[in-house]
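For reference, the structure is listed below as structure tokens.
Chains as they are written, first to last, in the working numbering: chain A, 2 to 11; chain B, 911 to 1122.
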């Protein structure tokens, strides 16, 4: 499961 | 942040600004697919909803706001301000053929079955194919203005640089996101044919025109 805050890219 | 990520973001920004300036300076959106621009506005909107829920960095927030703002400004210029110059007859790609399958795939293949995560996944998949209406339009008319090809070059370069960014992050941070990587590879592959024409024609001072 991905941490939603891990989407640090644009 | 690494050099590939930064240059990728700047390349993306350059593409967006080039397109806005082209339309603004020439007072015309001839040769530009409004449908691709609608898709990009949709991509940014569904991906950057996390602006409301999480803070990553000032850089991240500012860039997201610029991308979203420019995307909507571009759509506004095409469909409102310079509507008379919009070549709708050649922009005949059916958006539902992209949005519906991409939406279905985002529901099936994602990291987490939650609202924001599915929208993020949807945006990643949609971005990978969002340029198709523009490429379809160029293949229909058989040519593109040189400034439009610069726009496409920087837009394609951005995702190619992100591929190097992901390789970098895998080796140095142990980070990888399979959804972003696969979609990014697909997205970059879609530009390969265009890259070839750009290098062999546009960079040698010729206009991009396809054989009849």
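Using N, Cα and C, we set each Cβ at its ideal position, and we do this for glycine too. Remember, predicted model here, so these are calculated numbers, not experimental data.
Distance between residue 1059(B) and residue 1070(B), taken at the CA atoms: about 16 Å.
Cα atoms of residue 967(B) and residue 1115(B): separation of roughly 41 Å, rounded to the nearest angstrom. The beta carbon of residue 1072(B) lies closer than 6 Å to those of 918, 1094 in the same chain, with the five residues before and after it left out. By alpha-carbon distance to residue 985(B), the top candidate from 929(B), 1018(B), 1028(B) is 929(B). Residue 977(B) reaches chain A at 11, counting residues in chain order whose Cβ is nearer than 9 Å.
Residue 912(B) is outside the set of residues whose beta carbon lies under 8 Å from a beta carbon in chain A. Those residues of the segment 980-1011 of chain B placed with their C-beta closer than 7 Å to a C-beta in chain A do not exist.
Annotation for residue 1103(B): the continuous alpha helix (DSSP H) segment containing it runs 1088-1110. Judged by DSSP in its simplified three-state form, residue 929(B) adopts helix.
The beta-carbon distance between residue 1030(B) and residue 8(A), rounded to whole angstroms, is 6 Å. This is short enough to meet the 8 Å contact definition. Note on geometry: alpha-carbon atoms of residue 1082(B) and residue 1047(B) lie some 41 Å from one another.
Identification of chain A residues near residue 1030(B) by a Cβ-Cβ cut-off of 7 Å yields 8, ordered along the chain.
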